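So in my numbering, spot 204 of the sequence shown is number 193, and the numbers just go up one at a time.
For each residue, glycine too, the CB sits at the ideal point set by N, CA and C.
Since the structure is predicted, the reported quantities are computational estimates derived from the model, not experimental observations.
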Amino acid sequence: LIQNQVLKMNSIGDDKCVILLGLDGSKQDVAQNFSKIKPLIGKHKGLYAGTHLGEQWIHSRYNMPFLRNHVMENGIGVDTMETSTTYDRVLNLHKEGIASLEKSIPGSIAMCHISHSYHEGACLYYTIIFPMDEKKPADQWFKMKRMVSDTFFQNGAPISHHHGVGFDHKVWYEKATSKPALLGLKAFKKEVDKKEILNPGKVFH
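Structure, rendered in structure tokens:
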């Protein structure tokens, strides 16, 4: 393929990876940040490939959830989970998160990428693909969820970055949140949801 030849000409071989980088902000902020980022690509022996790949990703990023249902109908499970941490902990959490996922389900493949980046740290977004247990799929899933959530908790990372906290995260949320904070949230919910119609018993009870 032409793309492989171009990469080889730039001394980018079998260990290559792709970085899709999106910048938020005003036109001035984005231009200023990009002017600082672009020189780093060449400095670290990368190859700037323009904006086309990023534009393709934007147009197709939501296709996977629809494909997942068809894949699962054929006995292949797919799931995602995410957390966040400071930059000094990113590499270790990246490694331990993948290890716990692959250990939880033999034969699985786990991946991780940074989905959000900030000045202080980043969101680590994990994907796991695994052979589904046809007899006890729920037990298999809960084991996987428990092991990776324990890994997040043991590394001082939150149970969720942007997916939100629900029934599946309740145990770890209560461990990570102080008693006064939980009491305050429960009091707030009781005040604004007097009839208890908003997710009753899911996180607070």
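- As assigned by DSSP and simplified to three states, the class of Tyr51: Start at 1 with the first residue of the sequence shown, and residue 51 comes out as number 62. Note: Tyr51 maps to coil in three-state DSSP.
- How many whole angstroms separate the CB atoms of Leu174 and Phe193, which I take to be in contact at a CB cut-off of 8 angstroms? Taking the sequence shown and counting its residues from 1, the one referred to as residue 174 is at position 185. Taking the sequence shown and counting its residues from 1, the one referred to as residue 193 is at position 204. Correct: roughly 7 angstroms between the Cβ atoms.
- Item | Range of the contiguous alpha helix (DSSP H) that encloses Ser89 | Sequence index remark: in the sequence shown, residue 89 carries index 100 (1-based). 76 to 93 is the span of the alpha helix (DSSP H), which, as asked, contains Ser89.
- Task: Tell me whether Gly282 sits in a helix, a strand or coil according to DSSP, three-state version.
- Result: Since the first residue of the chain shown is -10 and the last is 194, residue 282 is not available in this structure.
- Query: Can you give the Cα-Cα distance for Gly145 and Gly155, rounded to whole angstroms?
  - Reply: The residue labelled residue 145 in the question sits at position 156 within the sequence shown. The residue labelled residue 155 in the question sits at position 166 within the sequence shown. Distance between the alpha carbons of Gly145 and Gly155 is about 19 angstroms.
- Query: For the beta strand (DSSP E) that Thr116 lies in, which residues bound it at each end?
  - Reply: Here the question's residue 116 lines up with position 127 in the sequence shown. Residues 110 to 120.
- Query: Could you give the distance in angstroms between the alpha-carbon of Ile87 and the alpha-carbon of Arg78?
  - Reply: The residue given as residue 87 occupies position 98 in the sequence shown. The residue given as residue 78 occupies position 89 in the sequence shown. Approximately 14 angstroms, taken between the alpha carbons.
- Can you say whether Phe141 is buried or exposed, counting buried as having 16 or more other CB atoms within 10 angstroms of its CB? Translated into the one-based positions of the sequence shown, residue 141 becomes position 152. Result: buried.
- Endpoints, the beta strand (DSSP E) within which Ile103 is located: Taking the sequence shown and counting its residues from 1, one reaches residue 103 at position 114. Note, Ile103: beta strand (DSSP E), 98 to 106.
- Task: List the residues that DSSP assigns as beta-bridge partners of Thr69.
- Result: Numbered from its first residue, the sequence shown carries residue 69 at position 80. Answer is Thr116.
- Task: Starting from Glu180, follow the alpha helix (DSSP H) in both directions and report where the run begins and ends.
- Result: Here residue 180 corresponds to residue number 191 of the sequence shown, with the count starting at 1. Run containing Glu180: 168 to 181, per the alpha helix (DSSP H) assignment.
- Query: Hey, His158 and Ser167 are a contact pair by Cβ (cut 8 angstroms); roughly how many whole angstroms apart?
  - Reply: Mapped onto the sequence shown, residue 158 falls at position 169. Mapped onto the sequence shown, residue 167 falls at position 178. With 8 angstroms as the limit, His158 and Ser167 do not qualify as a contact, their Cβ atoms being about 16 angstroms apart.
- Query: What is the rounded straight-line gap between the Cα of Ile103 and the Cα of Pro169?
  - Reply: The count along the sequence shown starts at 1 and reaches residue 103 at position 114. The count along the sequence shown starts at 1 and reaches residue 169 at position 180. Whole-angstrom Cα-Cα distance: 32 angstroms.
- Endpoints, alpha helix (DSSP H) assigned at Val7: As a working note, residue 7 is residue 18 in the sequence shown. First-last for Val7: undefined, no H or E at that position.
- Query: Alpha carbon to alpha carbon, what distance is there between Tyr51 and Ile186?
  - Reply: As a first step, residue 186 is located in the sequence shown; it is residue number 197 there, counting from the start. As a first step, residue 51 is located in the sequence shown; it is residue number 62 there, counting from the start. So the two alpha carbons sit approximately 31 angstroms from each other.
- Residue from Lys125, Ala165, Pro120 whose Cα sits closest to the Cα of Ser138: On the sequence shown, position 149 is the one that residue 138 refers to. Nearest C-alpha to Ser138: Ala165.
- Query: Taking the Cβ atom as the reference point for each residue, do Cys112 and Ser73 lie within a distance shorter than 7 angstroms?
  - Reply: Counting from one through the sequence shown, the residue named residue 112 turns up at place 123. Counting from one through the sequence shown, the residue named residue 73 turns up at place 84. Taking 7 angstroms as the Cβ cut-off, Cys112 and Ser73 qualify as a contacting pair.
- Which residue from Ala99, Val160, Gln45 puts its Cα closest to that of Ile195? Summary: the structure shown does not reach residue 195, with the chain confined to residues -10 through 194, and so no result is reported for it.
- Query: For Gln143, which option in Asn81, Tyr107, Ala38 has the closest C-alpha, if you only look at C-alpha atoms?
  - Reply: The residue given as residue 143 occupies position 154 in the sequence shown. The shortest C-alpha separation from Gln143 is found at Asn81.
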